[in-house]
Structure formats: structure tokens, C-alpha cells
Ligand code: DHB
Ligand code: FE
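In our numbering, the protein residues as written are 2 to 290.
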């Protein structure tokens, strides 16, 4: 997608954001997969997954009508390109818990389906790429990247991506410039950064696709609380993928993606210059194993 003239974002159809998320995932997976298959492990995990589903059918006496509704729904998840959305909302949080259980440094959270590599690079105190008239409350986000022993990590890079004031992500919704609200900051010699952006709005997962159909049929809601996505890198340290949240959001307690943790809550204050808000948060990275 290239930069477009119209700045008014519209709700993307599920098949638009889902299709783009599937495409991006396929590109990255193709670049990273080793191609090695551990037959024992696949046998073990696939057998457990199949058994878990069969147990549900037997224990809950699932009918043919229910089985066929499930089959039709699974087909539609694929047609809508919503597998990345479905998996990142309902499963990734457990994978993230397993992957980071050993850490002493900052808590992480799920990556979600909307990360894009190679965002524009900025100075330690730079402003995120945004539109001239970007709607939303200005937010200054400052802090330091450190090792667990307290040493500032002066070679760290802080990547930030987030939704706009309407809850939409660039490259996954129409009418938003390509790198809007996405950037990579090189920290200064003290490991510090001072990021200038706007506060994102809460995000609603697309309601017009298969995932929305399930949410409506089950009487759930489709909301994630407003959040900032981060990846914090430093040589010799484990990559930290995290999300940070704002106090008072009605969905902090019932995030559909189960990705909120108390350690990930920000504490914004009215800005010293009277414009928007200031917030501080430090990232502590574990050493690479
Ligand atoms: C989804 C969207 C997000 O912005 C996120 O952080 C996690 C999941 C989703 O639509 O699946
Ligand atoms: Fe998100």
C-alpha cells in the first residue's frame, strides 16, 4: 500500500485487514522458518489438540447442527483471512507467557497481527511519522532502556506502532499514510528516549468477518483497550515485545486478547507545556541466553 491522499480512515472490511495481516504473516514466516520438522513433537501436539476437540464433542454432546456450524465458521475464518486475528486474540497470550516465563526484566505482551518491520528510523527524541492534522491527544513518552543489572543500554532501539485516534493501524486500513504512527528510535548515550506521538484509541477487532460472527453469536464484545505496541532491541539481549495500556480504559479488565498485565499500565500526567500528556516508562532487557 502506498501513501494516499484521503486522510479520513474508514473501518476496513474484515477481509481487507485480515487479508493484509495474512499476507504480512506469510512473508515473515517464509523468511524465518527453518523447515526442520520434529516428528515426535508434531505427533504429540497434534494428537493432544485432536483429542481435546473430541473430548469437547463427547462431553458436551455436540450435535450435527453444531458441528456443521463450526465447519462453516472455520471455512469462513480462512476466506476472510482472519486466522492471524483469531490466533493472536485467543491464543498468542499463552504462547507469550511460555516464551517469557524465565525473564527477570520487563514484562512483555503479545505482538498481535499488525507489526511491520523496517519502520522509519528516528533520533532519540524524535516525533513519530504522523499526518499534519493527526487527531488525538499529544503524548510524550520518555524513559530508559537498561539491562537487569541497571546498566543503560546505549545501543538499544525502541520500535513503536499503534492505532490512530479512530482505532485503525496504517497498512491495514484504507486512507492512512504508509508509515503513519510507526517508528524506530535509537536511544541516546544514556539509553534514554523521548518519543512524541498521540494517544491511540481503543481498538475493536473487525466485526464484519468470521471473528465478529463468533463474538456476536457468543454474546462477547470485540474490544481491546487502547494500547501502544513496542519492540525493544539491544545487542546481546533478548528482544522485548510488549504493549502498554492507559489507566481507566473500560476494557483493561476484559481485553478480548487477554494481553493486559498490571506491570504494563502507564501513569500519564498532564504535560508540563499544557499540551497533552507526558508519561515515563523504562524497559529492562534480559541477557541473551
Ligand atoms: C488484534 C489486534 C491488535 O491491535 C492487537 O494488539 C492484538 C490482536 C487482532 O485484531 O487480532
Ligand atoms: Fe494492537
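Backbone N, C-alpha and C fix where the C-beta goes; we use that ideal spot for every residue, glycine too.
About 23 angstroms separates the Cβ atoms of residue 18 and residue 247, ruling out a contact at the 8 angstroms cut-off.
Judged by DSSP secondary structure, residue 34 falls outside any alpha helix (DSSP H); it is assigned neither H nor E.
For the pair residue 161 and residue 231, the Cα-to-Cα distance works out to about 5 angstroms.
Within the stretch 213-244, the complete beta strand (DSSP E) segments at least 3 residues long are 228-234, listed from N- to C-terminus. In the structure shown, residue 47 falls within a helical segment according to DSSP collapsed to helix, strand and coil. The bridge partners DSSP lists for residue 271 are 278.
For residue 145, same chain residues with a beta-carbon under 8 angstroms away, outside a window of 5 residues either side, are 153, 188, 191, 192, 193, 194, 283 and 284 in chain order. When the beta-carbon positions are compared, residue 226 and residue 252 come within less than 8 angstroms of each other.
In this structure, residue 89 has its beta carbon less than 7 angstroms from a heavy atom of the ligand DHB.
Judged by the Cβ position, residue 234 fails to qualify as a neighbour of the ligand FE at the 7 angstroms threshold, every heavy atom of the ligand being at least this far. Under the three-state reduction of DSSP, residue 22 is assigned to helix. Counting along the chain, the unbroken beta strand (DSSP E) around residue 159 starts and ends at 158-163.
In terms of CA proximity to residue 90, 258 leads the group 136, 208, 258 and 158.
By the C-beta density criterion, residue 136 is exposed, having fewer than 16 other C-beta atoms within 10 angstroms. Secondary structure note for residue 119: it is in no beta strand (DSSP E), with a DSSP letter that is neither H nor E. Where residue 128 is concerned, there is no enclosing beta strand (DSSP E), because DSSP gives it neither an H nor an E. Within the chosen limit of 7 angstroms, the ligand FE reaches the beta carbon of residue 113 through at least one heavy atom. Secondary structure at residue 180: coil, using DSSP grouped into helix, strand and coil. Put simply, the backbone Cα of residue 208 is about 11 angstroms away from that of residue 83.
Taking every protein chain shown into account, the CB of residue 211 has 16 or more other CB atoms within 10 angstroms, so this residue is buried. Membership of residue 144 in the beta strand (DSSP E) is indicated by the continuous run 139-148.
DSSP lists 238 as the bridge partner or partners of residue 288. Short note on residue 86: C-beta closer than 7 angstroms to some heavy atom of the ligand DHB. Remark: fewer than three beta-carbon pairs, one from each stretch, lie closer than 8 angstroms, so the stretch 109-127 and the stretch 52-62 are not flagged as touching. Proximity of the beta carbon of residue 200 to the ligand FE is not indicated: no heavy atom of the ligand is located closer than 7 angstroms. In the DSSP annotation of this structure, residue 111 is not part of any beta strand (DSSP E), being labelled neither H nor E.
Counted as a single uninterrupted DSSP element, the stretch harbouring residue 103 is not any alpha helix (DSSP H), since DSSP gives it neither H nor E. Closest option to residue 240, judged by alpha-carbon separation, among 109, 54 and 67: 109.
Residue 195 sits in a strand when the DSSP states are folded into three classes.
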